[in-house]
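Engineer: Numbering (the numbering used here), first residue to last: 18 to 292.
Sharing a structure here in structure tokens format.
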Amino acid sequence: MRCWRISRGSVSEHLIAIGGDDTLSYADKLNGRGVKIIAIPKTMDNDVRNTEYCIGFSTAITRASDAIQRQRTTVGSHERIGIFRVFGRDAGFTALYTAYATSIRCAIPEYKVNLDKLIQLLLDDKHRNPSNYALIVLSEGAEWEGYKVQEFGEPDAYGHRRKASVAEAFADEIKRRTGEETIVSDLTYDLRSGDPDFIDKLVALTFGNMAYDAILEGKTGLMSALVEGRYDLVPIPDAKLGPRKLDVASAYNTERYRPLYSNKRGLPIFLNRAF
């Protein structure tokens, strides 16, 4: 969080909380205690409630898509199954939108896949591909029936422990069940490095100026947001509700373990709704 002091006739002190659902849960608590506060959603997980978009999401998808496209030649030349892990502890926005942009399969925390079925789909993809390879992207919190992601280490300030790699666990299952070789790539922290893309620069600058304008107007308890594709100020999310989740019915094909591409007419630009 960063503290701003704005002076216009009289002195007004506000906090601007910038972050994901953990950071903004504290913003909600401070707001409840009467602290003057404005929030800005920033997480590549894109799972903050009351907004369709969080700063960092577009850059994460751009980087993940580029990395996967670059590695197609390596995975193909070795004739293997490529498994990519991205962030997404509680929600599958990053994995699903990466899969949407690269036309590959994905697994998300909101839906437990059937392991045998998923492996068979990947084997079918591989055998139908002239280059004899297949690709899948997994959220770090993705699970399959009968499997729960293992955690280790000391909890962080928000009570979260590190998650063992679901990609490595999935690769082990493929090897054990089919004998097929895999290539595992953990893209998590790489997505956080470097300069933001144009969309993130545009949204970040706009969210920041909206927050500044709100402070000058004496407002508090609000968050910069995109709602129905339009910039708006909304209430800081209720921490008790937890992170926002994907709507599986409209976004995820549970038979093919792919994003749904149909029935998008009328949706906001980022294909999801804030509420």
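Note that the Cβ used here is the ideal one computed from N, Cα and C, for glycine as well.
Note that the coordinates shown come from a computational prediction; the quantities given were computed from them, not determined experimentally.
Does T111 come out as helix, strand or coil in the three-state DSSP assignment?
Structural biologist: Helix, per DSSP.
Engineer: Should P254 and V52 be called a contact, given that it needs their Cβ atoms to be closer than 8 angstroms?
Structural biologist: It is not a contact, given that the beta carbons lie outside the stated cut-off.
Engineer: Please report the distance separating the alpha-carbon of R282 from that of Y274.
Structural biologist: When rounded, the distance between both Cα atoms is 22 angstroms.
Engineer: Could you give the DSSP three-state label for I200: helix, strand or coil?
Structural biologist: It is a strand residue.
Engineer: Check the DSSP bridge columns for Y269 and list the partner residues they point to.
Structural biologist: Answer is P276.
Engineer: Which value, in whole angstroms, describes the spacing of the CA atoms of T223 and I72?
Structural biologist: Cα to Cα, the separation comes out at about 11 angstroms.
Engineer: Compute the distance between the beta-carbons of A291 and T68, then report whether it is under 8 angstroms.
Structural biologist: Cβ distance < 8 angstroms, so A291 and T68 count as in contact.
Engineer: Would you tell me roughly how many angstroms separate the C-alpha atoms of V183 and L132, rounded to the nearest one?
Structural biologist: Distance between the alpha carbons of V183 and L132: 12 angstroms.
Engineer: If I follow the unbroken beta strand (DSSP E) through Y248, where does it start and stop?
Structural biologist: Unbroken beta strand (DSSP E) run through Y248: R247 to P252.
Engineer: Does the separation of the CB atoms of T111 and N63 fall below 8 angstroms?
Structural biologist: Taking 8 angstroms as the Cβ cut-off, T111 and N63 qualify as a contacting pair.
Engineer: Taking the alpha helix (DSSP H) that F74 belongs to, which residues open and close that run?
Structural biologist: F74 to H95 is the span of the alpha helix (DSSP H), which, as asked, contains F74.
Engineer: Quick one: what does DSSP say F101 is sitting in, helix, strand or coil?
Structural biologist: Note: F101 maps to strand in three-state DSSP.
Engineer: Whose C-beta lies closer than 6 angstroms to the C-beta of A151 among residues of the same chain, with five residues either side of it excluded?
Structural biologist: Closer than 6 angstroms at Cβ, skipping near neighbours: I98, L139, D142 and K143.
Engineer: Can you find the residues in the same chain that come closer than 8 angstroms, C-beta to C-beta, to A268, ignoring five residues on each side of it along the sequence?
Structural biologist: The residues are L113, P276, L277, L288 and N289.
Engineer: Cβ of T237 within 8 angstroms of Cβ of I55?
Structural biologist: Yes; because the gap between Cβ atoms is below 8 angstroms, this pair is in contact.
Engineer: So is G36 buried or exposed if we call it buried at 16+ other beta carbons inside 10 Å?
Structural biologist: With 16 or more Cβ atoms within 10 Å of its Cβ, G36 is classed as buried.
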